[in-house]
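Before any comments, here is the structure.
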Amino acid sequence: MKKIIDTLINIFKIEELRDRILLTLGMLLVYRIGAQIILPGIDPVQMVALGDRAGGGSILGLLNAFTGGAFAKASVFALGIMPYISASIVVQLMGIAVPYLQKLQKEGESGRKTINQITRWLTIAICVVQAPAYLYGLTALGVPESAFLLGRGPLFIISSVIILVTGTIFAMWLGEKITDKGIGNGISLLIMVGIIASLPQSFAQEFISRVSENNGGLMLVLIELVLWIVVILLSILLIMAVRRIPVQYARRTTGGTNERTVYGSRQYIPLKLNSSGVMPIIFAQAIMFAPAYVGSAIGDNTVGQWMQTNFADIFGLWYNVLFALLIIVFTFFYTAITVPTNKMSDDLKRSGGFVPGIRPGNETSEFLDTVMSRITFPGSLFLAAIAIFPAIVVKLMGIQQGWALFYGGTSLLILVGVAIDTIQQVNSYLLNRHYDGLMKKNKSRRGAA
C-alpha cells in the first residue's frame with residue numbers, strides 16, 4: 001500500500017504529468033455533465049420507460065452503455081462518440097481499396113491530418129442520418145408521444161438534429177484534446193467512462209438481488225467478484241500476449257580511417273495474439289441486428305418466428321453460437337487487412353535485417369503470414385469465448401443481465417485495453433524522471449539511472 005501511495009505522490013511531483021491528468025479528468029467531467037442534459041422540448045420524467053428498457057441485456061442496453069446512459073435519456077450526447085468510431089472504421093476499410101487514401105497513408109503527418117479531416121466530415125454525415133432516425137425512433141422504443149412537449153414538428157426536429165450533431169462533434173473534440181493535451185487515448189477514454197458510469201448501479205442491483213432476496217447471499221457475491229477478477233486477468237493476457245519473431249541485423253563496417261566491424265544486434269518483431277482488438281466484436285454485433293430483422297420481414301411463419309425468438313435475445317444459445325462464429329471470421333479478416341506482412345518483410349529487407357533461417361523477401365513474408373495465421377486462430381477462439389461469456393454466466397449462475405455485461409464482450413475489453421494504455425503512458429513519464437514505475441519489471445531503471 002505504501003508503494004502505491006509513493007507512486008501517486010511521484011505522479012503529482014511531475015508538473016507536466018499532473019497537468020495532463022487534471023486536464024483529462026476535467027474534460028471527462030464535462031462529458032459526463034453533458035450526458036445528463038436533456039434535449040429541449042422532451043420531458044425527462046417520461047424517459048424513464050426507455051431507461052428501464054435499456055437497463056437489461058438487449059442490444060439497446062449495449063448502445064446505452066457505450067453512451068453512458070445518454071442514449072436512454074435523450075441527452076445532447078445521445079449519439080455519443082459512436083458516429084466517429086463508425087466513420088473511423090469506414091475510412092480505415094476504404095484505405096484498402098481507395099488509391100487516394102492509400103497515398104495519404106504514406107505521406108506521414110500531413111497525410112494523417114487529411115485523413116483525420118475526412119473522418120470528421122464523414123462523422124458529421126453519419127450524425128445527420130442517425131439523429132432524425134433516433135428522434136423518430138423514440139416512440140417505437142417505448143417513449144410516449146406526450147413526452148415531446150412541443151410536438152415533433154419541423155422546428156423540434158431541425159433544432160434537435162443540430163444539437164445532437166453538435167454534441168457528437170463536441171465529444172469528438174474533447175476526445176482529440178485529451179489525446180493531444182491529456183493522458184491516454186481520448187476517444188477510448190470517453191467510451192470507457194460511459195461504460196463505467198453504469199457499473200456501480202449494475203453491481204448494486206446484483207448485490208441487492210443476491211442478499212435481500214435470499215438468492216445466494218454474500219458468498220455468491222464474493223464468488224462472482226472473484227470470477228470477474230479472473231476474467232479481467234485473462235483479458236489482460238489476451239491483450240498483452242505477443243509472439244516474438246527474432247530478427248538479426250547483418251554486420252557492417254563503420255568509421256573512416258579507423259574502420260571497425262560492428263556486429264549486428266538481435267531484435268524481435270512482436271506479433272500480437274489479438275492484433276484486431278475489439279473490432280471483430282463490433283463488426284459481429286453490427287451484423288447480429290440482421291437475423292431478427294430478417295425474421296420479422298419473413299412474417300409469422302415458423303422460420304420467421306424462430307429467427308425472431310432466437311436472435312432477439314443476446315443471451316440466447318443460437319445468438320451466441322452465430323456471434324462467436326462471426327467473431328472468429330472477422331478476427332482473421334481484420335488481422336489480414338491491418339497487419340501488412342509484405343510491408344514488414346520489405347522494411348526488414350531494406351534495413352538489412354532478416355529472420356534467422358529465412359531468406360529475405362517473399363519467403364520472410366510467407367513465414368510471417370504463416371505465424372500470424374497460427375497465433376490468430378487461438379486468439380480468435382479466446383476472443384470469442386470472452387465475448388460470449390456474459391451469456392454463459394447468465395445461464396449458469398443466474399447473474400443479472402446488466403451486471404453480466406461486465407464479464408466479457410466489448411465492454412470489458414475496452415475497459416482493460418484503455419486502462420493498460422493509460423497506465424503505460426503514466427509509467428513512461430515516471431521512468432523518464434527516474435521514478436519507480438507502475439509496473440514492477442521497470443523498477444530496475446531507477447537503480448541504473
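Counting in my numbering, the sequence shown runs from 1 upward without gaps. Note that beta-carbon positions come from the ideal geometry of N, C-alpha and C, so glycine has one too.
Count the other CB atoms within 10 Å of the CB of residue i; is the residue buried (16 or more) or exposed (fewer)?
i: Thr338; result: exposed
i: Asn320; result: buried
i: Asp19; result: exposed
i: His246; result: Just to set this straight, residue 246 is Pro in the shown sequence, not His. Result: exposed.
i: Thr166; result: exposed
i: Val262; result: Per-residue confidence for Val262 stands at a pLDDT of 49, beneath the threshold of 50, marking its modelled position as unreliable; no derived number is given.
i: Ala387; result: buried
i: Ser365; result: buried
i: Ile327; result: buried
i: Ala297; result: exposed
i: Ala290; result: exposed
i: Thr410; result: buried
i: Trp403; result: buried
i: Glu451; result: In this structure the chain extends from 1 to 449, so residue 451 is not present and cannot be described.
i: Thr370; result: exposed
i: Lys272; result: buried
i: Lys303; result: Note that residue 303 corresponds to Val in the displayed sequence, not to Lys. Under this definition Val303 is an exposed residue.
i: Tyr268; result: exposed
i: Gln285; result: buried
i: Ser380; result: buried
i: Gly408; result: buried
i: Lys139; result: Correcting the residue type first, residue 139 is Thr in the shown sequence and not Lys. Per the 10 Å Cβ criterion, exposed.
i: Val278; result: buried
i: Gly353; result: buried
i: Tyr293; result: exposed
i: Gln102; result: exposed
Quickly, what does DSSP pair residue i with across the bridge? List them, please.
i: Arg243; result: Leu271
i: Tyr249; result: Gly353
i: Phe148; result: Ile42
If distances are taken between C-alpha atoms only, which option among the options comes closest to residue i?
i: Met27; options: Phe311, Ile236 and Ile187; result: Ile187
i: Pro270; options: Ile157, Gln285 and Ile239; result: Ile239
i: Thr24; options: Tyr334, Trp173 and Pro132; result: Trp173
i: Leu164; options: Leu381, Ile37, Phe315 and Gln102; result: Ile37
i: Leu237; options: Arg374, Phe66 and Pro378; result: Pro378
i: Gly295; options: Ile282, Ile287 and Thr309; result: Thr309
i: Ala133; options: Leu149, Ser110 and Val161; result: Val161
i: Gly216; options: Ile118, Leu234 and Gly398; result: Gly398
i: Ala324; options: Asn342, Ala385, Val355 and Phe332; result: Ala385
i: Leu135; options: Arg112, Asn185, Phe71 and Ser86; result: Phe71
i: Ser275; options: Phe330, Leu150 and Gln305; result: Phe330
i: Ile191; options: Phe333, Glu109 and Ile81; result: Ile81
i: Ile232; options: Phe382, Tyr429 and Phe12; result: Phe382
i: Phe333; options: Thr376, Val128, Leu405 and Leu222; result: Thr376
i: Gly151; options: Leu39, Pro83, Met219 and Glu213; result: Leu39
i: Val193; options: Ser428, Val242 and Val416; result: Val416
i: Leu488; options: Ser110, Ile178 and Ile42; result: Beyond the ends of the chain as shown, which are 1 and 449, falls residue 488; an answer cannot be given.
i: Pro280; options: Ile158, Trp318, Leu50 and Ala336; result: Ala336
I need the DSSP call for residue i, collapsed to helix, strand or coil.
i: Ser75; result: strand
i: Phe283; result: helix
i: Val230; result: helix
i: Thr261; result: Only weak support exists for where Thr261 lies, its pLDDT of 48 falling under 50; the value from the coordinates is given anyway. Looking at Thr261 - three-state DSSP - the assignment turns out to be strand.
i: Gly153; result: coil
i: Gly111; result: helix
i: Pro83; result: helix
i: Arg18; result: helix
i: Ser276; result: coil
i: Gly97; result: Looking at the sequence provided, one finds Ala at residue 97 rather than Gly. Looking at Ala97 - three-state DSSP - the assignment turns out to be helix.
i: Met344; result: helix
i: Ile169; result: helix
i: Met288; result: coil
i: Gly402; result: helix
i: Ser428; result: helix
i: Gly186; result: helix
i: Gly142; result: coil
i: Ala384; result: helix
i: Pro360; result: coil
i: Gln130; result: helix
i: Lys13; result: helix
i: Arg210; result: helix
i: Val321; result: helix
Using a Cβ cut-off of 9 angstroms (strictly closer), state whether residue i contacts chain B.
i: Phe148; result: The structure shown has no chain B; it contains just one protein chain.
Should residue i be listed as close to the ligand COA, given that the test is whether its C-beta is under 8 angstroms from any heavy atom?
i: Ile386; result: The ligand content of the structure shown is nil, which means the ligand COA is not present either.
Legend entry - the segment 73–90 contacting the segment 29–42, beta-carbon criterion three pairs below 8 angstroms: Three or more Cβ pairs drawn from the segment 73–90 and the segment 29–42 lie within less than 8 angstroms of each other, which places the two stretches in contact.
Inset, instruction - May I ask you to verify whether the segment 355–363 touches the segment 415–424, counting CB pairs closer than 8 angstroms and requiring at least 3? - result: Note that the segment 355–363 does not touch the segment 415–424; fewer than 3 beta-carbon pairs, one per stretch, sit closer than 8 angstroms.
Legend entry - Stretch-stretch touch, CB-based, cutoff 8 angstroms, three pairs: the segment 87–97 with the segment 118–133: They touch, by the three-pair rule.
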